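All remarks here apply to the structure that follows.
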Amino acid sequence: MPQMTLVQAITTALDQEMTKDPRVVLLGEDVGVNGGVFRVTDGLQKKHGKHRVVDTPLSESGIMGSSIGLALAGMRPIPEIQFEGFLGPAYDQLVNHAARFRNRTRGAFTVPLTIRVPWGGGIHAPEFHSDSPEAIYAHNPGLKVICPATPYDAKGLLIAAIRDPDPVIFFEPKRVYRSFREEVPEEEYTIEIGKGKLIAEGTDLTIVTWGACVFQCLGAMDQLPEDVSVELIDLRTIHPLDIDMIEESVKKTGKCVIVCEAPRTASMASEISCLVQERCFLHLKAPVQRVTGFDTIMPYAKLELEYLPDAKRVAEAVMQTLAY
Amino acid sequence: MPIRTAYTAKIDHLQILDEQGRLDPALSAPGTPGILSDEQVLHLYKLMIECRQLDEIAFKLQRSGRMHTYPQNKGQEACALGAGAAMRKGIDWIVPCYRENAAMFMHGVPMTHVLLHWAGDERGNQYPPGVRVTPIAVPIGTQMLHATGIAWAAKIQHKDEVAITFFGDGATSEGDFHEAMNFATVMNVPAIFFCQNNQWAISVPRESQMASETIAQKGLAYGAQVMQVDGNDLFAVHKAVFDARERARAGGGVTLIEAITYRLGDHTTADDARRYRSNDEVESWRAKDPMIRVRLYLERKGRWSETQQAQEEQRAEAAVKATVETVLAWPAARREEIFESMYKDMPKLLAEQMESWSTHSLGMDRAQQGLSPGRKLGAATH
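And the structure:
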């Protein structure tokens, strides 16, 4: 089985779906000749042609809005927004149109598209290139929000997203793009959207996380005393949420720490914390903790590692919660 | 380095049918493509009467509390009619704003659905299968990008389809107008951008909306074909859209058509246009009403009479009233609908919300809102 980085896993998924389904088209800024600024679409224009891997004008609302039109007319567009910081101009089309068509036409019109977005901090990028806005899109009804952490999951979830009949936003953790390789099957496969993954089984405390933070949590677990048994859940999708997996785990451990890069207020960590107290109240042995970014603007490169949750902060939160 | 001319431009304004109902003989010479036949004009005129009746009746319904906000089309019907007639039903796409009733009807949207929409019922956007009309677009300008994408899909798939999108003068101030025009021309897609310049964006006149002399000239910046037409001239609108459609089909890309027209009514039933525009202005446009000149044309040709007018108005009124009765008797919407159509498969947490709504109070029942003071909290039944 080949070893792939997250970038290679995504490229492979795109290539295979384009080969299989002539309705699939890629569009975005620099995705064609240049292969994308992260080279995720490298080689795809050469293989599939300029009419299917399209360099668009620098126009996020245009990319998003015309993708909606493509989808309404029977295509399966995969628009790329170059960085999550540039989702702003596409927000209206994404949230007010892509997400609403099915409901407002009671199913007469649907918008099956997958919007790919490099996401999150930790690569010393310029401003507006390091944010974690995933909660905004989970909050707005009508979208599915996928946040994979590993090459294997990225490939299976991306193929599932492309085949999904509803609009999906696929956040790609930049920090993981080339950070490691793992075995990824050559053949196509899907992973069910909305299902978490139990990375480690444990009995004392549950950590719930997604995206690049999975690796900060694994780092934290290495720092914990040997007799501490932590269960680690990688949600992989934040909307729909795998509440069953969270509920089952917290009912077993009685303690829960939620970790994400986003600003804390109204984050997905907040939502999950609330769901846990609603559903596991009589099982909880300690307050649910959130380890998140702060309610500040994402700092520039020099201070970004101060902002992002790291293994130490996660480990401290775990120890405090265990000692409660 | 001498100064040279980098670009020159002119904008043509097309009028074929004048205000006295006379056709320009040169522009309408026999054999000219895109000139409406008398049979077509008769058909369109009858539809125009019906749309005018719909406006009047919908207005009264709103005033009597049986309809929510409704935007009258009055005065602008030649735009939707002429453009709609130039597009091929079931083949080409209509991407409307909200003042194109006639075009929607011509392309298969039932009148019931337009009324349902404005009565606050999403089922009004659930058009019958095969209808190539996107739902009424309220936000201003966003639909132009959808038309661009639809036309682009036709091009990618080598399908002989053209998309036309409608918008107002105010919409050209929105970023999406520029992104859509730019995208469409760069991709050279078979799209027609049809601006109903009705002079007013609610209360803001065109001169306060933009500093450019025409809207058509904005299309030149993107490399589109452009044309300004008398938007109250059914023949000119039809001809301009017909030519744009044929050009698009032949790979000639995008056309921006600016139709000069006037909203004779309020912006919507929630608006009172007397607050911002003079009666003199409205009266001057009333004389240019597109209905008047089509009728004059037909009468001049001996194809229309006072009796026919009375009969047709009566028929249209009865037809619209029958449609209204159908809409008022439409089966009540089930509240589960709002959950059921969010996704193809309902997520678990959403299913729980729907379930809890029907099994116990979540602050959504009337008793809890204090609307049924006789009942105890929690005792409400659904």
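Protein sequences appear in the order of chains V and B.
Numbering (my numbering) for the first sequence: -4 to 319.
Numbering (my numbering) for the second sequence: 1187 to 1568.
Positions of the beta carbon are idealized from the N, C-alpha and C atoms, including for glycine.
Please read these numbers as outputs of a predicted model, since none were measured by experiment.
Contact with chain A by residue i, beta-carbon distance below 7 Å
i              : result
I194 (chain V) : Considering every chain present, this structure includes no chain A. Its protein chains are V and B.
C-alpha distance - residue i paired with residue j, whole-angstrom precision
i               : j               : result
A1518 (chain B) : F104 (chain V)  : 22 Å
R99 (chain V)   : R1431 (chain B) : 29 Å
V1220 (chain B) : C1265 (chain B) : According to the sequence displayed, residue 1220 (chain B) carries Gly and not Val. Answer to the nearest angstrom: the Cα atoms are 15 Å apart.
V179 (chain V)  : A310 (chain V)  : 30 Å
M1477 (chain B) : G1438 (chain B) : 33 Å
D50 (chain V)   : G44 (chain V)   : 11 Å
D1210 (chain B) : L89 (chain V)   : 47 Å
T0 (chain V)    : E177 (chain V)  : 7 Å
R18 (chain V)   : P72 (chain V)   : 8 Å
S1547 (chain B) : R274 (chain V)  : Bear in mind that the predicted position of S1547 (chain B) carries a pLDDT of just 47, short of 50, making it too unreliable to give a figure here.
Q1395 (chain B) : L1331 (chain B) : 21 Å
A1195 (chain B) : I1401 (chain B) : 13 Å
E12 (chain V)   : G1276 (chain B) : 30 Å
I1197 (chain B) : A1333 (chain B) : 24 Å
V32 (chain V)   : L1302 (chain B) : 47 Å
N1514 (chain B) : F1353 (chain B) : The sequence shown places Leu at residue 1514 (chain B), not Asn. In a straight line, the C-alpha of L1514 (chain B) is about 30 Å away from that of F1353 (chain B).
H1597 (chain B) : A1407 (chain B) : Absent from the structure is residue 1597 (chain B), since the part of chain B shown begins at 1187 and ends at 1568.
T6 (chain V)    : T204 (chain V)  : 25 Å
E1499 (chain B) : D1278 (chain B) : 30 Å
T291 (chain V)  : A130 (chain V)  : 16 Å
D1241 (chain B) : A1272 (chain B) : 23 Å
Y1313 (chain B) : G1268 (chain B) : 22 Å
Y172 (chain V)  : K297 (chain V)  : 21 Å
S1527 (chain B) : Q1258 (chain B) : 30 Å
E135 (chain V)  : Y302 (chain V)  : The amino acid at residue 135 (chain V) is misidentified as Glu; the sequence shows Asn. Taking the straight line from one Cα to the other gives about 26 Å.
E187 (chain V)  : E1538 (chain B) : 20 Å
V140 (chain V)  : L65 (chain V)   : 21 Å
Contact belief for residue i with residue j at Cβ below 8 Å, rounded distance in angstroms
i               : j               : result
G1261 (chain B) : L1450 (chain B) : 3 Å
V1412 (chain B) : L1442 (chain B) : 5 Å
E1522 (chain B) : M1540 (chain B) : 6 Å
S56 (chain V)   : L108 (chain V)  : That belief does not hold up - the Cβ atoms of S56 (chain V) and L108 (chain V) are roughly 14 Å apart, past 8 Å.
M293 (chain V)  : D126 (chain V)  : 5 Å
A1366 (chain B) : G60 (chain V)   : 7 Å
N1383 (chain B) : D1355 (chain B) : 4 Å
Local conformation of residue i per DSSP, three classes
i               : result
Q(-2) (chain V) : strand
A1333 (chain B) : helix
A68 (chain V)   : coil
D1362 (chain B) : helix
L9 (chain V)    : helix
C212 (chain V)  : helix
G117 (chain V)  : coil
F1352 (chain B) : strand
P136 (chain V)  : coil
Q1258 (chain B) : coil
G23 (chain V)   : strand
S1547 (chain B) : Below a pLDDT of 50, predicted positions are generally treated as unreliable, and S1547 (chain B), at 47, falls in that range; no measurement from the model is reported.
F123 (chain V)  : coil
C1381 (chain B) : strand
A1445 (chain B) : strand
I233 (chain V)  : strand
V225 (chain V)  : strand
H1199 (chain B) : strand
T316 (chain V)  : helix
Selection from the options that minimises the alpha carbon distance to residue i
i               : options                            : result
D229 (chain V)  : V:D222, V:V252, V:V49, V:G116      : V:V252
G116 (chain V)  : V:G137, V:F78, V:A94, V:M13        : V:F78
L1230 (chain B) : B:D1466, B:T1493, B:I1446, B:V1423 : B:V1423
Q3 (chain V)    : V:G38, V:D25, V:G27                : V:G38
V1427 (chain B) : B:Y1193, B:A1215, B:L1222, B:P1188 : B:L1222
Y319 (chain V)  : V:E243, V:R308, V:M(-4), V:L200    : V:L200
R111 (chain V)  : V:L21, V:G60, V:C255               : V:L21
K1530 (chain B) : V:K42, V:L138, V:E183, V:S265      : V:L138
A1370 (chain B) : B:S1359, B:G1356, B:W1543, B:T1351 : B:T1351
A1473 (chain B) : B:E1538, B:D1204, B:R1274          : B:D1204
S1389 (chain B) : B:N1374, B:R1461, B:V1319, B:I1342 : B:R1461
Any non-hydrogen atom of the ligand GTP within 6 Å of residue i CB
i               : result
P1476 (chain B) : As presented, the structure is devoid of all ligands, the ligand GTP included, so that no description of it is given.
At 3 residues or longer, and completely inside the segment 160 to 194 of chain V: list those beta strand (DSSP E) runs for me, N to C.
163 to 168
Quick check on the DSSP output: what are the complete alpha helix (DSSP H) runs of length 4 or more inside the segment 250 to 311 of chain V, in order along the chain?
263 to 275, 296 to 302
Could I get the ranges of all uninterrupted beta strand (DSSP E) runs contained in the segment 1262 to 1338 of chain B, with 3 residues as the minimum, in chain order?
1279 to 1281
Could you give the uninterrupted runs of the alpha helix (DSSP H) lying entirely in the segment 1471 to 1525 of chain B, keeping only those of 4 residues or more?
Counting only runs of 4 or more, we get 1476 to 1486, 1492 to 1514.
Beta strand (DSSP E) runs wholly inside the segment 1385 to 1433 of chain B, at least 3 long, in chain order
1411 to 1416
What ranges does the beta strand (DSSP E) occupy inside the segment 34 to 111 of chain V, keeping only unbroken runs of at least 3 residues that lie completely in it?
48 to 50, 71 to 75
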